[in-house]
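Numbering (my numbering), first residue to last: 20 to 366.
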């Protein structure tokens, strides 16, 4: 006798539309084109107006003129924005998968706070003023907080809820520490206030050389975790049945996010919302598959970061509005919208 399968079972056996992969590939190519256009805008547009001829000359025939110097500075700034944006996007996507929270970002587990606290400590107590010093302190701070969150979250028995609770508590304590230092030390406040806002203005060849090894290693590790994180998204029992090592995947995910956040924060300061918004929006049209979310996030996060940087240069001419301020102004309303939409969907 023929037995009809339940509706949910039939739905699972329906194959995906054959053109879905092609649509994703085309979308990825379109995203690359958009990124190239935004990168060109980042080089051509700024607080100081330059003609297209000056921009072209600065890119290919540099001879030390004012326009050439401005274009060289913008080029380094753009490259740093590309690297930092990709790092924040990948870290956000990994942490959203790790915590099973689509509104998570690197700040949720205290990684940004750890890097920030370490850099502020270096500035205040050790007199560090160069990025070459920042990067090591930031990496150590993010790594220390990541390890502490992992320990407080239960170590080998860590769960997404425990990790989030531990990260939130540590972030609150560290931001209190930051505020205390800035209140008690006026000189430190003067040195820290530009870095703590978040900016790409520190972009230079030296800055890029310092952070590239960390960003490359973290990015490769994040991309390699796509399959095991996909398995974990189906639940711990299913992931174990599929052969995923839960403890190793969680530890490596924390490591990847720590390296990416530490390096990006050292170079640019704590920039909020990029790691939250882009992976969340990407998931809405790629689906939950991290094999697509991670590449999309790595491409579109620099679009947001560089676009915000260009906007900050235009709206405050002849001065500049730091990119951290712009992303916060844009990210706050978007975050509220995303939260309200999720609540509406659950009603």
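Don't be surprised by glycine CBs; every beta carbon is placed ideally from N, CA and C.
- Cβ-Cβ distances below 6 Å link residue 282 to 230, 233 and 234 in the same chain, with the five nearest sequence neighbours on each side left out; the list follows chain order.
- For a cut-off of 8 Å, the C-beta gap from residue 131 to residue 321 is around 18 Å, too long to register as a contact.
- Collapsing the DSSP output to three states places residue 70 in coil.
- The segment 71 to 119 is shown to contain whole alpha helix (DSSP H) runs of 4 or more residues at 71 to 79 and 85 to 118, in chain order.
- Put simply, the backbone Cα of residue 329 is about 18 Å away from that of residue 51.
- With contact defined as three or more Cβ pairs closer than 8 Å, the segment 214 to 228 and the segment 143 to 157 are in contact.
- Spanning the alpha carbons of residue 297 and residue 133 requires a straight line of approximately 22 Å.
- Assignment of residue 305 by DSSP, reduced to helix, strand and coil, places it in the helix class.
- Proximity to residue 275 across 117, 167, 41 and 256 peaks at 117, based on C-alpha coordinates.
- Of the residues 42, 216 and 313, the one whose Cα lies closest to the Cα of residue 241 is 313.
- For residue 62, the enclosing alpha helix (DSSP H) stretches over residues 39 to 63.
- For residue 224, the three-state secondary structure derived from DSSP is helix.
- For residue 278, the uninterrupted alpha helix (DSSP H) segment begins and ends at 265 to 287.
- Ranked by Cα distance from residue 162, the first of 145, 137 and 149 is 137.
- Three or more Cβ pairs closer than 8 Å define a contact, and the segment 96 to 108 meets that threshold against the segment 41 to 61.
- Under the 10 Å beta carbon count, residue 254 is surrounded by fewer than 16 other beta carbons and is classified as exposed.
- Per the coordinates, the alpha-carbon of residue 342 lies some 43 Å from the alpha-carbon of residue 262.
- The segment 297 to 307 makes contact with the segment 112 to 128; the number of CB pairs closer than 8 Å reaches 3 or more.
- For residue 331, same chain residues with a beta-carbon under 8 Å away, outside a window of 5 residues either side, are 339, 340, 341, 342, 344 and 345 in chain order.
- Around the CB of residue 40, fewer than 16 other CB atoms lie within 10 Å, so the residue is classed as exposed.
- Taking a cut-off of 8 Å for Cβ pairs, the segment 244 to 254 and the segment 262 to 271 touch, as three or more such pairs fall below it.
- For residue 139, the enclosing alpha helix (DSSP H) starts and ends at 130 to 144.
- By the Cβ-count criterion, residue 218 is buried, with 16 or more other Cβ atoms from all chains shown falling within 10 Å of its own Cβ.
- Taking all protein chains shown into account, residue 158 has 16 or more neighbouring C-beta atoms within 10 Å of its C-beta and is therefore buried.
- Within 10 angstroms of the beta-carbon of residue 112 lie 16 or more other beta-carbons, which makes it buried.
- Take residue 334, set aside five residues on each side of it, and the residues of its chain with a beta-carbon closer than 7 Å to its own are 340, in chain order.
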